[in-house]
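Worksheet: the structure to be examined is printed underneath.
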Amino acid sequence: MAGLYACDNDDYLDNSGIERNYFAVPEGATDEESVLRREFYDQNEVYLLFSDTLGYREVTTLSGRKEMECELLNLSYNMSSGSGEYTFAFRPYETLAEKRAMAEFVGNDVLKNVPKLFRPYSVLLIGNMERSDEYETEELSVYSGMKAMAIACENVLELQPEEKVRLKNILVQGMVTSKLSSIPDSDFTLFYSYSQQYYGIPKNQVPTPIQSVGFLENYYYDFWKNFNSKEYDLLAYVEEIFKFSEFEFRETYAEYPIVIKKMEEVVKVLQSYGVKIYTRN
2 MAGLYACDND DYLDNSGIER NYFAVPEGAT DEESVLRREF YDQNEVYLLF
52 SDTLGYREVT TLSGRKEMEC ELLNLSYNMS SGSGEYTFAF RPYETLAEKR
102 AMAEFVGNDV LKNVPKLFRP YSVLLIGNME RSDEYETEEL SVYSGMKAMA
152 IACENVLELQ PEEKVRLKNI LVQGMVTSKL SSIPDSDFTL FYSYSQQYYG
202 IPKNQVPTPI QSVGFLENYY YDFWKNFNSK EYDLLAYVEE IFKFSEFEFR
252 ETYAEYPIVI KKMEEVVKVL QSYGVKIYTR N
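Residue 282, in our numbering, is where the sequence shown stops; the numbers in between run on with no holes.
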């Protein structure tokens, strides 16, 4: 199953048995956490996880030996390269109250603003998350993988209203940006038209300030990313739209009418797909 790997890496397992959906709550489980997870899926059509350990199964090796295999969520898995170069460490929530509070927040405040097209297959809710490679370890609050979006929030029981709004915007933006490719590029034709002549040219040939020709600074100083490519132009606008309220966006970029027009085009497209952004009700 894509996005999973076994604790025991036995290359000679007999996997001829019936595959189980390890993201789903086991049939017949009635403990409070299982009920919470099942109800969350019924309401949102998104699987709810509180651990990267998805379950266990008994397998038989080709030599006939019985072994227990652990199925783990592999966040760094992707279709093109398999398991990535990152490793993740999670600190799970310790109490049911924390799990319930975070599940209710994600279900009621976040997913209701995100149409099914952009929703992740599952959400992993934990208190803390670290991502490491051979050079460094960094703490993350959100990470989108193929099979799950991991969301770390340490003080879930103490979140203030303004903190909830900020976190909601981060999560909705993360869900939308991770599946932007689900929207046909042709839907953004008018958006792209405003800065079309500057796509793909050397960065230092783009007029400055770059906002005057419709670009934002989100990736301007990133050596590895081309701010004046279609991909990062669109991504920058989506990020900025979720960062600011509509009033704040218009006020921030009031000197650049082209930026306002491009923002309006992105909002129009997202709204046409059911994303609740810059609505007045």
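We put the CB at the ideal spot given by N, CA and C, even for glycine.
Same chain, Cβ closer than 6 Å to residue 138, neighbours up to 5 away in sequence not counted: 131
Original post:
Do you know whose CA, among 279, 97, 74 and 99, lies nearest residue 90's CA?
Top reply: 74
CA-to-CA distance, residue 257 to residue 188, given in whole angstroms = 23 Å
Exercise. Would DSSP call residue 147 helix, strand or coil?
Worked result: coil
> If you compare alpha carbons, which of 58, 43 and 36 is closest to residue 23?
Replying inline: 58
Helix, strand or coil for residue 26, going by three-state DSSP, please let me know. coil
- If we ignore side chains and look at the alpha-carbon of each, how far apart do residue 119 and residue 64 end up? 44 Å
Which runs of the beta strand (DSSP E) spanning at least 3 residues fall entirely within the segment 63-138, listed in chain order?
67-74, 88-92, 123-127 and 129-133
request  = Just tell me which of 177, 105 and 205 has its CA closest to the CA of residue 275.
outcome  = 177
query = How far does the alpha helix (DSSP H) with residue 168 in it reach, from first residue to last?
reply = 162-179
Looking only at C-alpha atoms, which of 169, 93, 36 and 28 sits nearest to residue 244?
169
message: What residue range does the beta strand (DSSP E) around residue 49 cover?
response: 48-50
Compare the beta carbon distance of residue 238 and residue 264 with 8 Å and say whether it is the shorter of the two.
yes
**Prompt:** If we ignore side chains and look at the alpha-carbon of each, how far apart do residue 34 and residue 174 end up?
**Reply:** 28 Å
(Q) Does residue 36 pass the burial test, meaning 16 or more other C-beta atoms within 10 Å, or should it be called exposed? (A) exposed
**Report entry** Delimiting residues of the alpha helix (DSSP H) encompassing residue 45
**Finding:** 33-45
Fill in: Contact set for residue 270: own chain, Cβ-Cβ below 7 Å, skip 5 residues either direction
184, 188 and 189
According to DSSP, is residue 1 part of a helix, a strand, or is it coil?
Since the displayed the chain opens at 2 and closes at 282, residue 1 lies outside it and no answer follows.
**OP:** Starting from the Cα of residue 94, find the closest Cα among 125, 121, 71 and 70 and give me that residue.
**Re:** 125
Classify residue 152: buried if its beta carbon has 16 or more other beta carbons within 10 angstroms, exposed otherwise.
buried
Self-check item: Distance CB(residue 127)-CB(residue 167) smaller than 8 Å
Solution: no
- Just the C-alpha distance for residue 226 and residue 172, rounded to the nearest angstrom, thanks. 23 Å
For residue 247, does the three-state DSSP call read helix, strand or coil? helix
Beta-carbon spacing of residue 47, residue 123 below 8 Å | yes
- [ ] Taking only the alpha-carbon atoms, compute the straight-line gap between residue 209 and residue 221 and give it to the nearest angstrom.
- [x] 11 Å
Within a Cβ cutoff of 8 Å, which residues of the same chain sit near residue 135, ignoring the five residues on either side of it in sequence? 86
Check: Got a sec, what are the start and stop residues for the alpha helix (DSSP H) residue 272 sits in?
Finding: 258-273
query: Is residue 235 closer than 8 Å to residue 191 when the C-beta atoms are compared?
result: no
message = Which residue marks the beginning of the alpha helix (DSSP H) containing residue 280, and which one marks its end?
response = It is not in any alpha helix (DSSP H) - residue 280 carries neither H nor E in the DSSP assignment.
Along the chain, where does the alpha helix (DSSP H) that runs through residue 217 open and close? Here residue 217 belongs to no alpha helix (DSSP H), and DSSP marks it neither H nor E.
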